[in-house]
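Every number in our numbering is 319 more than the matching position in the sequence shown, counting from 1.
C-beta atoms are modelled at their ideal positions from N, C-alpha and C, and glycine is treated no differently.
Let me begin by presenting the structure, written as structure tokens, before commenting on it.
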Amino acid sequence: MEALGFAIVCIFLLIRLLNLKDKVAESLLYPLTLMLVLIAVSESSLLDVRTQFSVLRDFIFIAFVVHFFNFLCQGGLASQLGIRPRTVRGLFGIVFCPFLHQWEKNHKDHIFGNTAAFITLGWLIILQLGGELFYKLTVCIALLSGAAIWLLGDRRFTYFGASAVTFGFMGFLAAFAAISRQSTALFFAAAAIIAYSWHYQKILQGQDSFGHGVGFVSGITIATLSLSSDRFIMLLEAIN
């Protein structure tokens, strides 16, 4: 497992050292995601990898089905089912928000970028915690970040997209590594920080979007609460 984490860190570090523009670096996450899969195969049995991917596949399948219908409706689903802060209709968006994305052709990187990040960061979490805990973590981040957006977001906007969830993964990986101090967790957190260093910087400077920041804080919050749970700690000990 440590070898897997070290390989991912080296790959992402190479990207950052090349000093590429954000869009270019983000597009490189697609082939890197495949490389991550190949590395994981060398560390796990084929059955394990299929099980791990099936966990990610379910979320991705739903997102693309919803995106297809949103495209047919020319963005109507996103505008109607997104999170509209402090409105009754906006409450439904807490559930639907992660599956809705911009539909225009010039914004196709929205769903593909989120999918690449979801696979990459999600796999890092599954390799550490397993599929069952990943499911629970994803649902908790989506609900917590969605509720925070509904309560604190700007009423002039409708919020949608899986970015809050993927940034929640980033926050969880960072906080989980800092608190648990496990070598594997530290490797994987370093990979996430290196890959998305420009987003971390923007969040810390308060320059990134509101949804990204809320998702990041949600991930940190859930990691902190989880690691204070005796049951969660026992599960981690059993996994390790």
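- In the DSSP assignment, LEU396 falls within the alpha helix (DSSP H) that extends over 395-400.
- For a cut-off of 8 Å, the C-beta gap from THR477 to ALA436 is around 22 Å, too long to register as a contact.
- By the neighbour-count criterion, in which a residue is buried when 16 or more other Cβ atoms sit within 10 angstroms of its Cβ, CYS392 is exposed.
- With a minimum length of 4 residues, the unbroken runs of alpha helix (DSSP H) contained wholly in the segment 462-543 fall at 482-499, 502-514 and 516-523.
- A distance below 8 Å between beta-carbons, with the five flanking residues on each side excluded, links GLY395 to the following residues of its chain, in chain order: ASN389.
- Each of PHE380, LEU400, ARG408 and ALA483 was checked against the Cα of VAL458, and the nearest Cα belongs to ALA483.
- Straight-line spacing of the CA atoms in ALA467 and GLY534 works out to 9 Å.
- For LEU410, the uninterrupted alpha helix (DSSP H) run begins and ends at 407-415, by DSSP.
- For LEU410, same chain residues with a beta-carbon under 7 Å away, outside a window of 5 residues either side, are TRP469 in chain order.
- A distance of 8 Å or more separates the beta carbons of CYS416 and GLY432.
- By the Cβ-count criterion, SER537 is buried, with 16 or more other Cβ atoms from all chains shown falling within 10 Å of its own Cβ.
- Around the beta-carbon of ILE381, fewer than 16 other beta-carbon atoms lie within 10 Å, marking it exposed.
- Between SER464 and the set LEU546, PHE378 and PHE529, the nearest pair of CA atoms involves PHE529.
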